[in-house]
Amino acid sequence: SSSSSSSFSSSSASSASSSTSSSAPKGAPAASSSSATPQFGQRTSGVPTDCPLDMLVDCVIITHFHLDHCGSLPYLTEMCGYNGPVYMTYPTKAICPILLEDYRKISVERKGEANFFTSADIKNCMKKVVAVNLRETVHVDEDIEVTAYYAGHVLGAAMFHVRVGNQSVVYSGDYNTTPDRHLGAASIDRLRPDLFITETTYATTIRDSKRSREHDFLSRVSKTVAAG
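Start counting the sequence shown at 110; every next residue gets the next number (the numbering used here).
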C-alpha cells in the first residue's frame with residue numbers, strides 16, 4: 110500500500126481474501142461495527158453494492174487455478190458481496206470454473222457441506238473476472254497498475270507486479286524456475302519492488318532428479334496398463 114491507501118488481495122481456499130492496506134483505506138468508514146460487516150460464511154439476500162469489502166479492497170488477484178489459490182473466490186464475490194475487479198490470466202479463467210465446480214460437488218454432494226456456493230455462484234463469479242495477458246499492464250484506477258509475468262508451475266500461472274503510486278509489490282504465487290517437458294521456467298523483468306510475497310511450501314525440500322521422477326512415473330503407468 111502507499112499514501113493513496115490502496116490495497117490488493119489474493120483469494121485462497123483457506124481464507125476469503127488476504128489484503129495489503131494502509132491504516133486508513135480509502136473510503137473506509139471511520140469506525141467499524143458488526144452491522145456494517147457482512148456475515149462471512151452465511152448467505153444473505155440482497156448484499157448491498159456498497160459492501161465494506163469494496164471500500165477496503167481495490168482488486169483481487171488470482172495467480173493460478175489450484176484450489177488453494179482460487180477456491181474461495183465465489184464465496185468472496187457471491188456470498189460476501191465483493192464487487193471489485195478480479196484479475197487472472199486467460200488460461201486460468203478457462204480452467205478455474207471447472208475445478209471450482211468439482212470442488213463444489215465434492216463438498217456439497219459427497220460431504221454434505223451446507224451454506225456452500227452454488228453452480229450459479231461460480232458462473233456469476235467468473236463473469237466478474239478480467240482476463241489479462243502475460244506482460245500486459247492493466248490500470249485498476251489512477252493509482253494502481255498490475256502486470257502479469259510467466260510463472261511456470263501450471264498452465265496459466267502468473268506472478269504479479271503491483272504498483273501503487275511510487276511503491277510496488279511482487280506477488281509470486283506458485284512458480285517453477287526449472288523448465289520441464291510442457292512448461293518453461295518462470296520469467297520476470299528485473300524489478301526492485303518494495304515488498305516481495307512468495308510461496309515457501311517446498312523451500313527446504315530436496316526433490317529427486319527429473320530423470321528419476323520420469324522413470325518412476327513411466328514405471329507406474331506401465332504397471333497400471335499391465336494390470337488391466
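Every residue, glycine too, gets a C-beta built ideally from N, C-alpha and C.
Three-way DSSP call (helix, strand, coil) for residue i in this model
i    : result
T313 : coil
Y184 : helix
L292 : coil
T256 : strand
Host alpha helix (DSSP H) of residue i (start-end)
i    : result
L209 : Y199 to R213
V330 : K319 to A335
L162 : P161 to L165
T175 : Just to set this straight, residue 175 is His in the shown sequence, not Thr. No alpha helix (DSSP H) contains H175, which DSSP labels as neither H nor E.
Limits of the beta strand (DSSP E) - the one that residue i falls within
i    : result
R272 : A267 to V273
L304 : L304 to I306
V263 : Taken as a continuous stretch (DSSP letters only), V263 belongs to no beta strand (DSSP E), as it is neither H nor E.
Y280 : Q276 to Y280
Distance, residue j Cα to residue i Cα
i    : j    : result
Y196 : N224 : 26 Å
H175 : L208 : 8 Å
N275 : R329 : 52 Å
Y280 : L185 : 20 Å
C179 : C205 : 7 Å
I231 : Y311 : 30 Å
K237 : K202 : 11 Å
I306 : H173 : 15 Å
A336 : R272 : 55 Å
I171 : Y191 : 14 Å
K214 : R299 : 42 Å
S216 : V263 : 24 Å
L327 : G293 : 21 Å
R301 : H270 : 10 Å
V255 : T333 : 45 Å
G261 : L182 : 22 Å
R219 : S228 : 15 Å
Cβ-Cβ separation, residue j to residue i (assumed contact under 8 Å), whole Å
i    : j    : result
P194 : C168 : 5 Å
L162 : C189 : 6 Å
L243 : A257 : 5 Å
(Q) To test your reading of the DSSP string, which unbroken beta strand (DSSP E) runs of 3 or more residues are found completely within the segment 208-253? (A) Counting only runs of 3+ residues, the beta strand (DSSP E) found wholly inside the segment 208-253 occupies 238-241 and 246-248, in chain order.
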